[in-house]
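Engineer: Structure in structure tokens, see below.
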Amino acid sequence: MPILSVITSIINTSLTTSAYPIVWKIAEVAPIPKGKDHPEVANNNRPISLLHLSKVCERVAYNQFVEYLTLKKRLSSKQSGNKRGFSTETLLINITDSMLNAIDQRKVTALVLLDMCKAFDCVNHNLLISKLQDMGGSQSCLQWFSSHLFNRQ
Numbered sequence: 003m004p005i006l007s008v009i010t011s012i013i014n015t016s017l018t019t020s021a022y023p024i025v026w027k028i029a030e031v032a033p034i035p036k037g038k039d040h041p042e043v044a045n046n047n048r049p050i051s052l053l054h055l056s057k058v059c060e061r062v063a064y065n066q067f068v069e070y071l072t073l074k075k076r077l078s079s080k081q082s083g084n085k086r087g088f089s090t091e092t093l094l095i096n097i098t099d100s101m102l103n104a105i106d107q108r109k110v111t112a113l114v115l116l117d118m119c120k121a122f123d124c125v126n127h128n129l130l131i132s133k134l135q136d137m138g139g140s141q142s143c144l145q146w147f148s149s150h151l152f153n154r155q
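Heads up: take any position in the sequence shown, counting from 1, add 2, and you land on my numbering.
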């Protein structure tokens with residue numbers, strides 16, 4: 003059996019049974035420097051988890067869920083992150099345009115920026131599952147994401 007067929011079968015089994023394989027939750031972590039400043043300092047490195055096959059499975063699940071949310075019109079048109087054809091540049095263009103329009107209309111304009119670089123590390127997984135349910139995720143979808151998120155190493 004070709005390797006692609008085996009991988010496809012494993013991923014499809016994970017999604018159809020709503021079970022994320024436990025072995026995929028064990029990460030090998032490699033430090034990647036954030037910039038050119040002193041990579042020997044721990045805070046100047048970004049920990050990257052090396053979970054190769056799990057990343058393929060995550061991408062498949064992500065693509066299916068985004069396709070569902072797009073079909074059901076559950077994604078905000080303002081959403082820029084992880085959206086095909088959008089980037090930080092398009093987000094900045096939209097923000098700048100909105101602010102300039104508000105200034106032209108003599109409205110008070112303010113911009114608050116937050117550094118969310120470690121935000122996902124702090125997300126309450128139960129809250130995330132609840133939000134997925136609010137967005138219309140099926141029971142099997144919620145079970146798969148729960149299986150994926152909890153008890154990671």
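Think of the CB as a built atom: it goes at the ideal place given N, C-alpha and C, for glycine as much as any other residue. None of the values given here were measured: they were computed from a predicted structure.
Buried or exposed: which applies to His1, given that a residue is buried once 16 or more other Cβ atoms fall within 10 Å of its Cβ?
Structural biologist: Since the displayed the chain opens at 3 and closes at 155, residue 1 lies outside it and no answer follows.
Engineer: Could you say which of Ile50, Leu94 and Ile95 lies nearest to Asp123 if we only look at CA atoms?
Structural biologist: Counting from one through the sequence shown, the residue named residue 123 turns up at place 121. If we check each option's Cα against that of Asp123, Ile50 comes out closest.
Engineer: Does DSSP classify Ala32 as helix, strand or coil?
Structural biologist: Position 30 of the sequence shown, counting from 1, holds the residue named residue 32. Strand.
Engineer: Tell me, please, which residues DSSP counts as bridged to Asn47.
Structural biologist: Within the sequence shown, numbered from 1, the residue matching residue 47 stands at position 45. Beta-bridge pairing links Asn47 to Pro35.
Engineer: By how many angstroms is the C-alpha of Asn84 removed from the C-alpha of Glu91?
Structural biologist: Working through the sequence shown from its first residue, we reach residue 91 at position 89. Working through the sequence shown from its first residue, we reach residue 84 at position 82. Cα to Cα, Glu91 sits roughly 13 Å from Asn84.
Engineer: Using the three-state DSSP reduction, which class does Leu52 fall into: helix, strand or coil?
Structural biologist: Locating residue 52 in the sequence shown gives position 50, counting from the first residue. Reduced to three states, the DSSP call for Leu52 is strand.
Engineer: If we ignore side chains and look at the alpha-carbon of each, how far apart do Val68 and Pro33 end up?
Structural biologist: The residue you call residue 68 lines up with position 66 of the sequence shown. The residue you call residue 33 lines up with position 31 of the sequence shown. Answer to the nearest angstrom: the Cα atoms are 30 Å apart.
Engineer: So, Val62 versus Ile131, is the Cβ gap smaller than 7 Å?
Structural biologist: Position 60 of the sequence shown, counted from the first residue, corresponds to residue 62. Position 129 of the sequence shown, counted from the first residue, corresponds to residue 131. In this structure, Ile131 does not lie closer than 7 Å to Val62 by Cβ.
Engineer: Report the residue from Ser7, Ser16 and Ser82 whose alpha carbon sits nearest the alpha carbon of Trp146.
Structural biologist: Start at 1 with the first residue of the sequence shown, and residue 146 comes out as number 144. When only C-alpha atoms are compared, the closest one is Ser16.
Engineer: With DSSP collapsed to three states, give me the class of Met118.
Structural biologist: As a first step, residue 118 must be located in the sequence shown, where it is residue number 116. Residue state, collapsed to three classes: coil.
Engineer: Compare the Cα-Cα distances from Leu71 to each of Gln141, Met137, Val125 and Ser148 and report the closest residue.
Structural biologist: As a position in the sequence shown, residue 71 is number 69, starting the count at 1. That would be Met137, whose Cα lies nearest to the Cα of Leu71.
Engineer: Go through its chain and collect everything with a Cβ distance to Thr111's Cβ below 7 Å, but skip five positions before and after it.
Structural biologist: What you label residue 111 is simply residue 109 of the sequence shown in a count that begins at 1. Here the set comprises Met101, Ala104 and Ile105.
Engineer: Within 10 angstroms of the Cβ of Gly87, are there 16 or more other Cβ atoms? Answer buried if so, exposed if not.
Structural biologist: The residue given as residue 87 occupies position 85 in the sequence shown. Counting Cβ neighbours within 10 Å, Gly87 comes out exposed, since fewer than 16 surround it.
Engineer: How many Å lie between Leu55 and Glu30 at the Cα?
Structural biologist: What you label residue 55 is simply residue 53 of the sequence shown in a count that begins at 1. What you label residue 30 is simply residue 28 of the sequence shown in a count that begins at 1. Looking at the two C-alpha atoms, the distance is approximately 13 Å.
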